């Protein structure tokens, strides 16, 4: 056992763990952060979009030295069938503000920077060290962790589990259940190198401006999932993800799906001439509010992906991770100041503050959405994008048919494939899930 | 026993990318590692200390960020790290580097006790010269044992050491007197995983940082670019050869048939090989008898 004792141990050096460790170390707590990767960020994968607000609340002047790629000025939302996309674009010069709201980032570099801030705040960060289990006293209270190194036990007043989506330590310690295949998506992505002037010409950008594309439709072959394309400074991130249970049921290979997306007539020209730099895959917790495990207990709290804090409908995750990490950190600092014992009753303050924040308010709002998407996947990711595309094409093609006849044809196509009752039912269910 | 291990921080060559347009190495974001060959030297030094007692000082020269590699070495159990960093050292070739390191090793001996063994890796993965270790030995007048695969015995009192050295066609068993410089061969041991105590100590340890003056370098003119006679004339990426792959054999052939086809093709294209091989087989059989 290590003789040195800590106020808090943080398991994991992703956005949630870094936010928690930074918050506590800055307030003078003695913090030990343990990361299994070779360096912070070496195992972390994300699209990746950074939402400034959550980071600003931790490091107000992060823009001065954080490795940011491009600030997002245009958002495209595409419904795909095999040959077309029906899209909604929003682009505004208002996003070219002094302190932009959203950035594309490369996580390996960003996480290294974030971890450096955590060290500068005074935390001890140790990499290549896997936490195997939690240590409890005779009353069941968590009092430390067991690592895979020799003399690998270390004690602390409280343990923050920021171990990511798999939550293996939490599972092993019996704090949570195993992930269920219908609450987790598997996403794969590639980084494609392209010179910055080519990216800027191709996407109509100047300087650090960036575009993000989110797409859904027949490209996921009827599975619940979405695809994306983000512009970085000198590369493009392109990826696709679907629920694990759908992959299992369909037998589709994730990489084959990505190839299909890259070959889509709307995507292929955007990647032309690029060179693949890396390939990555990761799990995303998408079970929403109902999949959230117990968040705290005697001597422990859970933050970030480990707590299933992802808002899939809005593609938000890292900001929820940073926010839950920060709030957990602030709660622990407060309890430490008032010489509390970090019992479950005291740590419930963390959950209470999450209830008051956008994190649990948003997840509660979309509580029904994961079930709705999965339950109607064939129509949402197959039929409707196809109908939409067909309708647009019928409407736009000028061929001597009168407009009323075209309207009738479009309406008939919708009614034939789904029926009036079905259409109304789907609309009602979507509205209810979104509410 | 006091042992000094010289290490170098190098870019992780497995993760280096070449810019497709300019053909230059993209260093940005490439992780750095301890030169892999140096890890065999460090592990061997730590094993000697485990066996005979003593401590290991790890030494490196480089930019301030090279401190990370020393900290990493401390996680394995080294006692202290010394970083030589100074603008005078910038642009050093192997001659200037071995000069600066040998000055620092002298200084380390004065500060923390006489040095019995200086270890270095076989070579670095970025320079590939294998010159710095021997350079240090020459300057410090240490006995020099290069490409060592195994240290059989080391007797500090008697001041002797016996090692096995991999040579062409066999193994040399060499013995000499301490102090020595040893460059270790790859694969001779496997780096340990440091304990959590070592990892914690490494995270907060103070790294000794020396500039040229603190390292006791008398002549800064022999350091850095000024002290480096090596001139890099040109850097270029080899042009890819436009040779098409050819298919030998047909689908449906058995493994044996495919092997036969490959050998026939090889012999047909390089007519002397078959005769050479027969000669070789004949002579080695002679020797065998």
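Chains as they are written, first to last, in the numbering used here: chain A, 1228 to 1662; chain B, 3 to 291. Just so you know, even glycine gets a beta-carbon here, dropped at the ideal spot from N, CA and C. In this text, all values refer to a predicted model and were calculated from it rather than measured experimentally.
Whole angstroms is fine: what's the gap from residue i's alpha carbon to residue j's?
i: residue 95 (chain B); j: residue 15 (chain B); result: 20 Å
i: residue 1377 (chain A); j: residue 1429 (chain A); result: 54 Å
i: residue 285 (chain B); j: residue 1355 (chain A); result: 52 Å
i: residue 107 (chain B); j: residue 141 (chain B); result: 11 Å
i: residue 170 (chain B); j: residue 127 (chain B); result: 22 Å
i: residue 1242 (chain A); j: residue 1336 (chain A); result: 13 Å
i: residue 118 (chain B); j: residue 159 (chain B); result: 11 Å
i: residue 154 (chain B); j: residue 163 (chain B); result: 8 Å
i: residue 232 (chain B); j: residue 131 (chain B); result: 12 Å
i: residue 1390 (chain A); j: residue 1483 (chain A); result: 29 Å
i: residue 1515 (chain A); j: residue 1591 (chain A); result: 8 Å
i: residue 1519 (chain A); j: residue 1406 (chain A); result: 11 Å
i: residue 1312 (chain A); j: residue 1617 (chain A); result: 10 Å
i: residue 1589 (chain A); j: residue 1596 (chain A); result: 11 Å
i: residue 1560 (chain A); j: residue 1278 (chain A); result: 25 Å
i: residue 1404 (chain A); j: residue 1398 (chain A); result: 6 Å
i: residue 1310 (chain A); j: residue 1609 (chain A); result: 13 Å
i: residue 1371 (chain A); j: residue 1527 (chain A); result: 10 Å
i: residue 62 (chain B); j: residue 72 (chain B); result: 7 Å
i: residue 1512 (chain A); j: residue 1306 (chain A); result: 23 Å
i: residue 379 (chain B); j: residue 207 (chain B); result: Because residue 379 (chain B) is not part of the residues shown, which for chain B are 3 to 291, the question remains open.
Just to confirm, is the Cβ distance from residue i to residue j under 7 Å?
i: residue 1331 (chain A); j: residue 1457 (chain A); result: yes
i: residue 1477 (chain A); j: residue 1419 (chain A); result: no
i: residue 1251 (chain A); j: residue 1556 (chain A); result: yes
i: residue 1345 (chain A); j: residue 1271 (chain A); result: no
i: residue 1687 (chain A); j: residue 1383 (chain A); result: The question about residue 1687 (chain A) has no answer here: the residues shown for chain A are numbered 1228 through 1662.
i: residue 1587 (chain A); j: residue 1558 (chain A); result: no
i: residue 84 (chain B); j: residue 5 (chain B); result: no
i: residue 1473 (chain A); j: residue 1450 (chain A); result: yes
i: residue 183 (chain B); j: residue 165 (chain B); result: no
i: residue 1358 (chain A); j: residue 1247 (chain A); result: no
i: residue 87 (chain B); j: residue 66 (chain B); result: yes
i: residue 37 (chain B); j: residue 129 (chain B); result: no
i: residue 218 (chain B); j: residue 78 (chain B); result: no
i: residue 32 (chain B); j: residue 18 (chain B); result: yes
i: residue 1649 (chain A); j: residue 1533 (chain A); result: no
i: residue 209 (chain B); j: residue 112 (chain B); result: no
i: residue 1294 (chain A); j: residue 1338 (chain A); result: no
i: residue 1620 (chain A); j: residue 1308 (chain A); result: no
i: residue 1373 (chain A); j: residue 1365 (chain A); result: no
Can you tell me whether residue i is buried or exposed? The criterion is at least 16 other CB atoms within 10 Å of its CB, across all chains shown.
i: residue 179 (chain B); result: exposed
i: residue 212 (chain B); result: buried
i: residue 1647 (chain A); result: exposed
i: residue 1503 (chain A); result: exposed
i: residue 1416 (chain A); result: buried
i: residue 1622 (chain A); result: exposed
i: residue 192 (chain B); result: exposed
i: residue 1249 (chain A); result: buried
i: residue 1475 (chain A); result: exposed
i: residue 1361 (chain A); result: buried
i: residue 1462 (chain A); result: buried
i: residue 104 (chain B); result: buried
Practice task
Starting from the N-terminal side, write out each stretch of the beta strand (DSSP E) that is 3 residues or longer and does not extend beyond the region 1228–1260 of chain A.
Solution key: 1232–1238
Handout entry: Residues in the region 1472–1506 of chain A having any Cβ partner in chain B nearer than 7 Å
Key = 1502 and 1504
Problem - Proximal residues, the region 1347–1362 of chain A versus chain B, C-beta separation under 9 Å - result: 1351, 1352, 1353, 1354, 1355 and 1356
Exercise for the section: Could I get the ranges of all uninterrupted alpha helix (DSSP H) runs contained in the region 1269–1350 of chain A, with 4 residues as the minimum, in chain order? Expected result: 1279–1283 and 1334–1347
Problem - Residues of the region 179–202 of chain B whose Cβ lies closer than 8 Å to any Cβ of chain A, in chain order - result: 195, 196, 197, 198, 199, 201 and 202
Handout entry: the region 1370–1391 of chain A: positions lying closer than 9 Å to chain B by Cβ
Key = 1374, 1375, 1376, 1377, 1378, 1379, 1380 and 1381
Exercise for the section: Could you list the residues in the region 32–46 of chain B with a C-beta less than 7 Å from some C-beta on chain A, going in chain order? Expected result: 33
Exercise for the section: Anything in the region 1401–1433 of chain A with a Cβ closer than 7 Å to a Cβ of chain B? List those residues in chain order, please. Expected result: 1420 and 1422
Exercise for the section: Just list the beta strand (DSSP E) runs in the region 92–123 of chain B, keeping only unbroken ones of 3 residues or longer that don't cross its boundaries, in chain order. Expected result: 119–123
Exercise for the section: Jot down the residue ranges of each uninterrupted alpha helix (DSSP H) in the region 1360–1405 of chain A, minimum 4 residues, whole runs only, in chain order. Expected result: 1395–1399
Exercise for the section: Mind checking the region 1246–1270 of chain A against chain B and listing, in chain order, the residues whose C-beta falls within less than 7 Å of any C-beta there? Expected result: 1266
Problem - Members of the region 205–220 of chain B near chain A, C-beta cut-off 9 Å - result: 205 and 206
Handout entry: Whole runs of the alpha helix (DSSP H) within the region 1503–1578 of chain A, excluding any shorter than 4 residues
Key = 1545–1564
Practice task
Using a Cβ-Cβ cut-off of less than 9 Å, give me the residues of the region 1287–1310 of chain A that come near chain B, in sequence order.
Solution key: 1294
Problem - Within the region 1463–1493 of chain A, ranges of the alpha helix (DSSP H) (whole runs, at least 4 residues) - result: 1471–1477 and 1481–1490
Practice task
Entirely within the region 1409–1450 of chain A and at least 4 residues each: give me those alpha helix (DSSP H) ranges in chain order.
Solution key: 1423–1430
Problem - Interfacial residues, the region 1455–1468 of chain A to chain B, with Cβ spacing under 8 Å - result: none
Practice task
Return the chain-ordered ranges of every alpha helix (DSSP H) run that is complete within the region 172–213 of chain B and spans a minimum of 4 residues.
Solution key: 198–206
Problem - Residue ranges of each alpha helix (DSSP H) within the region 132–174 of chain B, 4 or longer - result: 134–142
Practice task
Give the residues from the region 1229–1241 of chain A that approach chain B closer than 7 Å (Cβ to any Cβ), ordered along the chain.
Solution key: 1229 and 1231
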